[in-house]
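Trainee: Residue 1 is where the sequence shown starts when you use the UniProt record's numbering, and the numbers rise one by one after that.
The structure that follows is given in the form of structure tokens.
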Amino acid sequence: MVIEVVRIGQRVVRDDRVTTHVALVARAFGAERIYMNEINPEIKDTLDKINDSWGGNFAIEFMDSWKHIVKMKKEDNYKIIHLTMYGENINDIQSKLRQEENLLVVVGAEKVPREIYEYADYNVAIGSQPHSEISGLAILLDRIQNGTQFNNTFSNAKRRIIPTKKGKNVVVNETRD
Ligand code: SAM
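Here you go:
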């Protein structure tokens, strides 16, 4: 399964940190790529540094139009999941989502354009209460992959954590770079 994410409606400055965290969650929870407006190019630098230290090829692509990305992915047979508290309960839809092959997950910032509800193959609610795109994305990705995303290894990492009960155990690959 390939999972990609689109962040729409980022507000200048105010949403920088949240957008960075949406990208970090997407990467750590098994998505391959995130599309976002080029509101703050530093977000890409931050994620590039994370890839450099912790491995993998997670990509940030700047887009001009979320609609263009959604239409393009639909043509490539991706299913579009829009995260919204007004959607179908994740508990009811998760088994269906697990059967899909390629997914594009759309998360908002402020009020999202009405059209996205129509473009979406699935409007999915992580509970019908307002919370955040960061928590929504994390829970969606975990429900779809059922925890298996945490067995993924990130290729060519400089640093790798050995899970440990107490303290920090980090293996540093001196031969890389
Ligand atoms: N008031 C906004 C609206 O009506 O679209 C919601 C803004 S919310 C801070 C930002 C994003 O978080 C939403 O666009 C949605 O993607 C996500 N989100 C928040 N609560 C959610 C929930 N319960 N289920 C799924 N996604 C949620």
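By construction, the Cβ of each residue, glycine as well, lies at the ideal position given by its N, Cα and C atoms.
Give every residue of the same chain whose Cβ lies closer than 6 Å to the Cβ of aspartate 16, excluding the five residues on either side of it in the sequence, and list them in chain order.
Mentor: These residues qualify, in order along the chain: Asn40.
Trainee: Can you give me the start and stop residues for the beta strand (DSSP E) that threonine 84 sits inside?
Mentor: First-last of the beta strand (DSSP E) with threonine 84: 79-89.
Trainee: Where does glutamine 99 land, buried or exposed, given buried means 16+ other C-beta within 10 angstroms?
Mentor: The residue is exposed, with fewer than 16 neighbouring Cβ atoms inside 10 Å.
Trainee: Taking isoleucine 8 as the reference, give the member of Leu83, Val106, Ile60 and Ala59 with the closest Cα.
Mentor: Out of Leu83, Val106, Ile60 and Ala59, Val106 has the C-alpha closest to the C-alpha of isoleucine 8.
Trainee: Threonine 46 to valine 112, Cα distance in whole Å?
Mentor: C-alpha separation (whole angstroms): 26 Å.
Trainee: Is there at least one non-hydrogen atom of ligand 1 closer than 7 Å to the beta-carbon of proline 130?
Mentor: Yes, since a heavy atom of ligand 1 falls inside the 7 Å radius drawn around the Cβ of proline 130.
Trainee: Please report the residue range of the alpha helix (DSSP H) in which isoleucine 134 lies.
Mentor: First-last of the alpha helix (DSSP H) with isoleucine 134: 133-145.
Trainee: Is any beta-carbon of chain D found at less than 8 Å from that of isoleucine 139?
Mentor: No chain D is present in this structure, which holds just one protein chain.
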